[in-house]
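Peer 1: Let me begin by handing over the structure; questions about it come next.
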């Protein structure tokens, strides 16, 4: 591996702090599975022995928002559920990213009806959209790799001064 | 054929004036009963020793939109003894849509009637807990009525604000 | 801000929750709490909200609240033709997708008076039983995971992946397949797929035995679940429970025997019954049902006839793609069926099948046009969830997880 080779040669590596922090962040993304409907089954399938998500660093799926940095919204979001999703998103500490998994979260999917929000980007900032109904687990892993590439380009000072969201305000 | 005749004869014997229509379409028997005799008819169907319709599988309603009796509530009940699913229908007028609740006969009707109330606005008298089922409590409309649009009424359910 | 609190308020729910105030509390300190087991919870099998009123750790009253996944299926069905609704039925019980497809097309075929050919019926039976195995595997796996045995979900999903490879080969999609059509199935199954099914069945039995050795004699598992969440026979019948939950209380009711559809009356299979009605009985019952499904599958593979897979009824059944592109009448029929829809006669009909979760029924009212006037989906999970307030009363709060897992609700169909 590159790191060990460099260390045994000189005993030193030179890099920027930003690169190290970004490398650490992107290889240990803990997802918060917001599993609402059918896409949740494919998300669980992404953790099963065939499409192992743990080899990408997402070892556990913590179901508490305070310990995660990636929210995977998997399933149709209705107006009633949107309030809940938003509240959970606000409880996650910075830095955080969102994957919109499937057609329902990207744009309402095949449900053009009175109770389905036509895309979660109406109330959440989304980083990666995944197509499919439901997307194959390989597709979700591709989305995860895209997020990892995005995290790899961030700098640590981007997240320095972001205030913690006051929940009373966010619940409006 | 025997089972259907047994049911039709037993019901017509006791409730001959209240039975409005009997139909046998695609091998399904369905009996339309007058609104005021609903509770008596359902009690009879459950407790009669030859019939024993003990399980209520479903309660729903149909909105006919332009007919004089705008709604029809439909009950699907099942008897283990006869191995038969019967359909009961009751015609209800529009202003106001009220009908007796059958929760005292079959306990499973509680949630089914709540769902029918939520979707159609039909009020069930003597229901122990008539709240909305799917839509939030303060929602003002009834979605499955024919005059409610498929895409909903904008502004009826607010979304959280996007803070960015 | 005012509008939000008016629409999303919970006043009536709390009023119902705090209704009976006659619990006796020995201590001077109030032990009563109202806890919200919210829609986002690792163990509530989807978005189910439970509001619990606790006396210490014992539950005094539990009120479930649904509607967080209400997508408006019944309203959408009134605005689209019968064929267009088939992909929507996939997403009803999304753990056993082919079963819902089969149920819906059988209901429409009953209303319209179409009969599918024999080979199509056998293929539908094979797919439905494979789906039943897949659905029960998820139920077993996630239930065991909820009570602490996390290995089971990995093992059951590994087996499920093999079923999904079969679906991928047959229908083109591994999960939401929309494989059946009104009048038959979309395409024929080739020999390679049958070899895969046979291979799966031969290697499935040892895998099941491995899972049984892990769980069935495990003392912690049995003591955790025995006597928890007892549902009596009379309560189950009064509350309209169907499926494995009803058979675990001792009632022998299976739609495949009571009202046979497809060719189940020619198959030889047992209906497992348990009488205790607790969580453990429901768990064992699902394992037994998987074994019966394997038996049915072996018989179907032996008896499968040759022939067509779509019925020959030009005005109602979609013609084959090669004929549409080359012949005039088929093109016209295809145009009319897709745009105007099949026009069943005026009337209504109810048809139900045995889904892994219970009895799934479709009540379709037609007024002669291509779109149904009304469609009601009688979903088993909705009816099974109605027993939650009764079964949870008096149990500890950590037993609620086990009870929900054993009742096995799927919110996609409970909320429609």
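Residue numbers (our numbering), protein chains in the order written: chain C, 12 to 183; chain H, 448 to 611; chain E, 34 to 449.
From the three backbone atoms N, C-alpha and C, an ideal C-beta is built for every residue, glycine too.
1. With a threshold of 7 Å on Cβ separation, who are the neighbours of residue 156 of chain E within its own chain once the five nearest residues in sequence on each side are excluded?
2. Can you give me, in chain order, the residues of the region 66-87 of chain C that have a beta carbon less than 8 Å from any beta carbon in chain H?
3. Between residue 61 of chain E and chain C, is any beta-carbon pair separated by less than 9 Å?
4. For residue 109 of chain E, which residues in chain H fall below 9 Å Cβ to Cβ?
5. Where in the region 489-575 of chain H do unbroken runs of the alpha helix (DSSP H), each at least 4 residues long, occur, reported from the N-terminal end onward?
6. Hey, how far is the Cα of residue 41 of chain C from the Cα of residue 69 of chain C?
7. In the DSSP assignment, what residue or residues form a beta bridge with residue 111 of chain C?
8. Applying a beta-carbon distance threshold of less than 8 Å, which residues of chain H neighbour residue 133 of chain C?
9. On the CB-based measure, 16 or more other CB atoms within 10 Å of its CB, does residue 174 of chain C come out buried or exposed?
10. Kindly indicate the opening and closing residues of the beta strand (DSSP E) around residue 87 of chain E.
11. Write down the C-beta distance between residue 437 of chain E and residue 87 of chain E rounded to the nearest angstrom, noting that I regard them as a contact closer than 8 Å.
12. Using CA atoms only, rank isn't needed, just tell me which of H:561, H:584, H:551 is closest to residue 577 of chain H.
13. I'd like the span of the alpha helix (DSSP H) that includes residue 50 of chain E, first residue to last.
14. Quick one: which chain H residues come within Cβ less than 8 Å of residue 124 of chain C?
15. Just the C-alpha distance for residue 183 of chain C and residue 133 of chain C, rounded to the nearest angstrom, thanks.
16. So, residue 405 of chain E versus residue 111 of chain E, is the Cβ gap smaller than 9 Å?
17. Going by DSSP in three states, residue 432 of chain E sits in which element: helix, strand or coil?
18. Run down chain C in chain order and give the residues with a C-beta less than 8 Å from the C-beta of residue 102 of chain E.
19. Under DSSP, the beta strand (DSSP E) around residue 122 of chain C begins and ends at which residues?
20. Could you name the residues of chain C that residue 590 of chain H contacts, counting a contact when the two beta carbons are closer than 7 Å?
21. Quick one: any contact between the region 313-330 of chain E and the region 156-176 of chain E, if contact means 3 or more CB pairs under 8 Å?
22. Apart from the five residues just before and just after residue 499 of chain H, which ones in its own chain have a Cβ nearer than 6 Å to its Cβ?
23. Going by other Cβ atoms of all chains shown within 10 Å of its Cβ, with 16 needed for buried, is residue 80 of chain C buried or exposed?
24. Tell me whether the region 466-484 of chain H and the region 536-550 of chain H touch, counting them as touching only if at least three CB pairs, one residue from each stretch, are closer than 8 Å.
25. Could you tell me the alpha carbon to alpha carbon distance between residue 42 of chain E and residue 91 of chain C, rounded to whole angstroms?
26. Less than 9 Å between CB atoms is the rule here; does residue 582 of chain H satisfy it with respect to chain C?
27. Please report the distance separating the alpha-carbon of residue 177 of chain E from that of residue 78 of chain E.
28. Between residue 313 of chain E and residue 230 of chain E, how many whole angstroms is the CB-CB distance? I'm expecting something under 8 Å.
29. Around the C-beta of residue 273 of chain E, are 16 or more other C-beta atoms found within 10 angstroms, so that it is buried, or is it exposed?
30. With a cut-off of 8 Å on the beta carbons, I'd call residue 308 of chain E and residue 283 of chain E a contact; round off their distance for me.
31. Does the beta carbon of residue 104 of chain C come closer than 9 Å to any beta carbon on chain D?
32. Could one say the Cβ of residue 154 of chain C lies closer than 9 Å to chain E's Cβ atoms, at least one of them?
33. On the three-state DSSP scale, how would you describe residue 388 of chain E?
34. Quick check on this structure: which residue in C:102, C:163, C:95 has the alpha carbon closest to the alpha carbon of residue 31 of chain C?
35. Could you give the residue range of the beta strand (DSSP E) that holds residue 450 of chain H?
36. Go through the region 103-184 of chain E residue by residue and report every complete run of the alpha helix (DSSP H) that reaches 4 residues or more, in order.
Peer 2: Considering the structure as presented:
1. 218, 222, 342
2. none
3. The predicted model places residue 61 of chain E with a pLDDT of 49, which falls under 50 and marks its position as unreliable; any figure quoted below should be read in that light. Not one chain C Cβ lies under 9 Å of residue 61 of chain E.
4. The answer, in chain order, is 597.
5. 556-567
6. 5 Å
7. C:84, C:140
8. Result: 606, 609.
9. By the 10 Å Cβ count, residue 174 of chain C comes out exposed.
10. 82-88 is the span of the beta strand (DSSP E), which, as asked, contains residue 87 of chain E.
11. Actually they are not in contact, since the Cβ atoms of residue 437 of chain E and residue 87 of chain E sit about 16 Å apart, beyond 8 Å.
12. When only C-alpha atoms are compared, the closest one is H:561.
13. 44-50
14. 597, 598, 599
15. Caution is warranted here: a pLDDT of 46 is assigned to residue 183 of chain C, below 50, making its placement in the model unreliable, and the coordinate value is therefore given only provisionally. Each residue's Cα considered, the two are about 15 Å apart.
16. yes
17. helix
18. 47, 48, 86, 87, 89, 92
19. That residue, residue 122 of chain C, is in no beta strand (DSSP E); it is neither H nor E in DSSP.
20. 125
21. yes
22. 526, 528
23. That one is buried.
24. yes
25. 11 Å
26. yes
27. 13 Å
28. About 31 Å; that fails the 8 Å criterion.
29. buried
30. 4 Å
31. Absent from the structure is chain D; the protein chains it does hold are C, H and E.
32. Answer no: the Cβ-Cβ gap between residue 154 of chain C and chain E never drops below 9 Å.
33. Three-state DSSP puts residue 388 of chain E in a strand.
34. C:163
35. No beta strand (DSSP E) holds residue 450 of chain H; the alpha helix (DSSP H) holding it covers 449-461.
36. List check, alpha helix (DSSP H) in window: 106-110, 119-123, 130-145, 151-179.
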